[in-house]
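Below is one structure, written out as structure tokens; comments come after it.
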Amino acid sequence: MDEKILLKDNIGKLYSELEKEYKFYAPTKVKGNIAFSRISNVEEIELEFLNSKVPPKDVLFPQKETIFEYKYEGKDVIIEERKDLEDKLLIFGVRPCDAYSFKLLEDFFAFGDFQDEVFLKKRESSTIIGIGCNNPRQSCFCTSVGGHPFQKESTDVFLSDLGDKYLVEAVSEKGKNLVKKLSWLSDAKKADIDKSKELAKQAEDSFTTKFNFDLVTKVLDENFEHPVWQEISESCIGCSSCTFLCPTCTCFDVIDENDEYNNRGRRIRIWDTCQSCLYTLETSGHNPRPEKIQRCRNRIMHKFSYYPSNYDCVGCVGCGRCISACPVNNELRLIIDKILEIEEKEKGEKISA
Amino acid sequence: MVIIVGLETENKDIENNMQEIAKGLLKEKKVDVIIGYKKGTLPLLSQPIIIDKEEDVDKLLWNNLCYVNLAKYLVPRVPRFVDSEKGNLKVGVVAKGCVGRGLIHLASENKINLDEITIIGIPCNGVVNRQRVEMEIGEKEILEVSVLGNNVIVKGKDFEKEFPFDEYMNELCKGCKIRKPSLVSKFPDLCVGECEEYSNIVDEFDDIAEFESKTPEEKWEYITEALSVCTRCYACREACPMCYCNLCFVDQNKPVWFGKTTDLPDIIVYHLIRAMHMAGRCVACGACSLVCPMGIDLNFINRKLEKIVKERFDFTSGLDPDTLPPMVDFKMEDAEEFMLEED
Amino acid sequence: MTEPIVETKQSESKEWEPKIIAFLCNWCSYAGADLAGVSRIQYPPNIRIVRVPCSGRINAYFIIKSLTDGWDGVVISGCHPGDCHYISGNLVARRRFAILKELLEFFGIEPGRVNFMWASAAEGERFAVLIRKATEIVKKLGPNKKFEKKW
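Printed below as a string of structure tokens:
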């Protein structure tokens, strides 16, 4: 049997072995919130958590990131590319929804003629250790976007929480090599594997939120100018919490910072949000999206209509962070319901999602 | 310390009175639409709701989870409050004290016409500090929130916890002296419901006196630690009814004044300058803290702002639309003890 | 563009000398500084002067940006209340200074980095005395490290 067992007591051993080779990122408690940070000792790891406040995309695509630095030497300008992009990273404790978001991020950054090296190199050097969700939240809906609380596909190594131990399954080549290195892991028994399957089924059955996103995409494509958007965007205050906590949001702004006194500078990128009224403001002063309704609509269209057209999948992983974050409770489930009501009214029948 | 007797009975009374008044206003066509709060889909949240029919009045609710400052929806006016033929509609706003303050202060800045507003005053008994409750429950999902006696009961799949309300109230609510909107003598029809005439607000500001006695190093340590998790999402700015600038200072690029990154100096400067812009304008509603996705408590900065303007200029924002806010006014006798002088 | 803090390049002096930026109102304080110069009154060379039409022109952005750019101290000087060339510019400014000073202190930035003063066109000696005082205060506080951006 290929599956192994990792006792929770041995996490320290796992950490001390792996941190020699990898930069080890794990869920930690930062001012009351769970965040994925680089840890320096094993006590910092929080194993009991639902999900992090800021998604683990923060590790590979941080809020502020240097693209390159430059310095002047006489009349020459020397550009210093980043040297740490090939450092090996290990992200421990990623939920299946967030692991799937890495795939969506990869698709985005590799799309078209320009390959975003800064992200893609880091992604290639990173190893993802995922953990299955025994207790999905009421606001989670990964099963509606083709995901599953115990989905292994986007991880390298997958752990199932069996109480005092984890069932360890290698998923990718990278994962297989990693598990081979951890030769001290004991073999799993059939009972462990059965328990993991049982937990997976329990988790799957516990979902209360389910959507038919194919139908949602179809309705969105046909109703860009529908008056329902007025109702949907009414209470939105444009705070952009939803975009800042979304695992698939990728928009960024590029800024040059100059340090003339030291003859150097750097180009950085910081997260941007389509909910800001400056997002589409052009130099001429014209703004294609001056109204809140247009910005609110853009986010929904982007995730559930443009993404399927461009990438053949829904641009949402069902993590539910935007639902918990919205301060006016203008949450995604209500928005989707209102959109599906358009179809209901047209067909004259109730849509069961 | 405020003593709250029978929180749920109080809430029910407030809710019933508010619904009665709202119904009356719609029936007599004194207002075209009413904006208030309705039950949220998540246990610790409520939603804003706009109604224009008498039958919908039952949806209006008051519980201690009504965080959003509804004055935000007036500046700029949301499309539902504007009719293509009639122009600005007459809006009724379900207002706790700080929402009323917000509306009156916006009127003093000429952003709202008080003729077009009716304030449905309610005697607010405070809101729950949502972030603090969530952090104390930790990594367990909250499924139900209810009120029993003076406690807030929070339930999950396999846990139940009681929080004494007067301790787990929002920090600003603990020191609140203006629980009902202010009566404005120039506009006798402005306020219906529970409103109050405020002659002189007395506030000791004990809560920040202790903070002020620390050394500069300790203060810097505390502030940088509290603000270090800021992700610069600007939710605080968007939720604040007083932040209505077309171009925020931090977005200016001719010239670029301050950085937009999450480097600590950039974060501190953003909050410092925003606080400066709020001096004499902040109505202490706490919306900025309550919408922060990272749970930063900005309330102590707001309290300091209130203290500065009260002590130096004897001003409390949002009580009278005709009083000039302190930063657009000046007096020969203003205190200048902070100026550098010869020995 | 934001300009991160840099270490002050010392040439020959062995001791660290603060760099202070001074915003002087054109009609009173700038003339006062000029008078100090003409009268050969010595005052510390640490200040770099920026002339503005009135102290009321001073925005909090100028002061805070000076601190983030690496200046160790900021001095703002205007006409005495009642003597403003534009009647009430300095009175408006005085309220702004009060708020800013209190907030800076609240945030833990050393009071003493930012100083406000009144100096009229005839007060060359007073100008020099106050600049000397401000320089000493800033020198005691040491270099401005709080706004340093580490790359």
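Heads up: the sequence lines are chains A, B and C, in that order. Counting from 1, position 297 in the first sequence corresponds to residue 297 in my numbering; the numbering is continuous, with no gaps. Counting from 1, position 290 in the second sequence corresponds to residue 1290 in my numbering; the numbering is continuous, with no gaps. Counting from 1, position 90 in the third sequence corresponds to residue 2090 in my numbering; the numbering is continuous, with no gaps. The C-beta atom is built at its ideal place from N, Cα and C for all residues, glycine as well. On a predicted model such as this, the values are computed, not experimentally measured, just so you know.
Starting from the C-beta of residue i, find all residues in its chain whose C-beta is less than 6 Å away, skip the five residues before and the five after it, and write them out in chain order.
i       : result
B/E1217 : none
B/V1147 : L1007, E1008
B/I1153 : S1146, E1162
B/V1229 : M1294
C/E2105 : P2111
A/T143  : F207
B/N1170 : V1127, N1129, G1286
A/S37   : T28
A/D116  : F109
Just how far apart, CA to CA, sit residue i and residue j?
i       : j       : result
B/N1113 : B/N1088 : 10 Å
C/M2001 : A/Y70   : Low confidence applies here, because C/M2001 scores a pLDDT of 49, under 50, leaving its location unreliable and the question unanswered by this model.
A/P308  : A/G315  : 7 Å
B/V1031 : B/Q1019 : 14 Å
A/A353  : A/S206  : Confidence is the limiting factor: at A/A353 the pLDDT is only 48, short of 50, which leaves the residue's position unreliable, though a coordinate-based value still follows. Cα-Cα distance, rounded: 16 Å.
A/E46   : B/C1240 : 34 Å
A/C251  : A/D84   : 23 Å
A/D312  : B/G1138 : 37 Å
B/A1235 : A/I270  : 16 Å
A/F150  : A/L167  : 12 Å
A/D107  : B/C1292 : 31 Å
B/Y1244 : C/F2116 : 30 Å
A/N41   : A/V30   : 15 Å
A/F141  : B/G1040 : 19 Å
A/D192  : A/Y15   : 23 Å
B/E1054 : B/G1102 : 26 Å
In chain order, what residues of the same chain have a beta carbon less than 7 Å from the beta carbon of residue i, not counting five sequence neighbours either side?
i       : result
C/E2017 : N2046
B/F1187 : L1114
A/S186  : K4, I5
A/E81   : F68
A/Q63   : I270, W271
C/W2151 : none
A/D256  : G265, R267
Pop quiz: residue i and residue j are said to be a contact at Cβ under 8 Å. What is the actual Cβ separation, rounded to whole angstroms?
i       : j       : result
B/I1208 : B/K1304 : 6 Å
C/A2122 : C/A2036 : At roughly 11 Å, the Cβ-Cβ gap does not stay under 8 Å, so C/A2122 and C/A2036 are not in contact.
B/I1049 : B/I1122 : B/I1049 to B/I1122, Cβ: 15 Å. No contact.
B/L1045 : B/L1065 : 6 Å
C/I2063 : C/V2114 : 6 Å
B/I1117 : B/V1099 : Not really, about 11 Å apart at Cβ, beyond 8 Å.
A/L90   : A/Y22   : 4 Å
B/I1119 : B/C1191 : 5 Å
A/Y25   : A/F92   : 7 Å
So which residues on chain B does residue i lean against when the C-beta distance must stay under 9 Å?
i       : result
C/L2130 : L1340, E1341, E1342
C/R2126 : E1342
C/F2116 : E1336, F1338, M1339, L1340
Along chain C, in chain order, which residues have C-beta atoms closer than 7 Å to that of residue i?
i       : result
B/V1312 : The displayed chain sequence assigns Arg, not Val, to residue 1312 of chain B. Result: A2098.
List the residues of chain A whose Cβ lies closer than 9 Å to the Cβ of residue i, in chain order.
i       : result
C/W2151 : T66, E69, E257, D259, R264, R266
Within a Cβ cutoff of 8 Å, which residues of the same chain sit near residue i, ignoring the five residues on either side of it in sequence?
i       : result
B/R1232 : K1260, T1261, T1262, D1266, I1267, Y1270
A/W229  : I293, C296, R297
C/K2019 : T2008, N2046, R2048, G2070, W2071, D2072, G2073
A/G147  : P96, C97, Y100, V317, G318
Using a cut-off of 8 Å between C-beta atoms, extract the partners of residue i located in chain A.
i       : result
B/S1046 : N329
B/D1263 : K64
Give the interface partners of residue i over in chain B, defined as CB-CB distance under 8 Å, in chain order.
i     : result
A/I34 : E1139
List, in chain order, every chain B residue whose beta-carbon is nearer than 7 Å to that of residue i.
i      : result
A/F244 : T1231, C1233, P1293
Please compile the residues from chain C whose C-beta is within a distance smaller than 8 Å of the C-beta of residue i.
i       : result
B/E1197 : Result: empty, since nearest Cβ-Cβ is about 28 Å, beyond 8 Å.
Query raised in the report: Name the residues in the region 1231 to 1257 of chain B whose C-beta lies less than 9 Å from a C-beta of chain A; which are they?
Result: T1231, R1232, C1233, Y1234, A1235, C1236, R1237, E1238, A1239, N1246, L1247, C1248, D1251, V1256
Query raised in the report: Taking any Cβ of chain A, which residues in the region 1005 to 1037 of chain B have a Cβ under 7 Å from it, in chain order?
Result: none
Report task. Can you give me, in chain order, the residues of the region 2076 to 2105 of chain C that have a beta carbon less than 8 Å from any beta carbon in chain B? Result -> P2081, G2082, S2088, L2091, V2092, R2094, R2095, R2096, F2097, A2098, I2099, L2100, K2101, E2102, L2103, L2104, E2105
Query - Where the region 1289 to 1305 of chain B meets chain A: residues whose CB sits under 7 Å from a CB there - result: L1290, V1291, P1293, M1294, G1295
Requested in this report: Using a Cβ-Cβ cut-off of less than 7 Å, give me the residues of the region 213 to 242 of chain A that come near chain B, in sequence order.
Outcome: Q230, E234, S235, I237, G238, C239, S240, S241
**Report entry** chain A contacts from the region 1069 to 1091 of chain B (Cβ-Cβ distance under 7 Å)
**Finding:** K1072, V1078, P1079, R1080
Report task. Could you name the residues of the region 1194 to 1228 of chain B whose beta carbon sits closer than 9 Å to any beta carbon of chain C, in the order they occur along the chain? Result -> I1208, F1211, E1212, K1214, T1215, P1216, E1217, E1218, K1219, W1220, E1221, Y1222, I1223, T1224
Requested in this report: Below 9 Å between beta carbons is the criterion; list the residues of the region 1268 to 1279 of chain B that meet it against any residue of chain C, in chain order.
Outcome: Those residues of the region 1268 to 1279 of chain B that come within reach of chain C (Cβ to Cβ, closer than 9 Å) are I1268, V1269, H1271, L1272, I1273, A1275, M1276, H1277, A1279.
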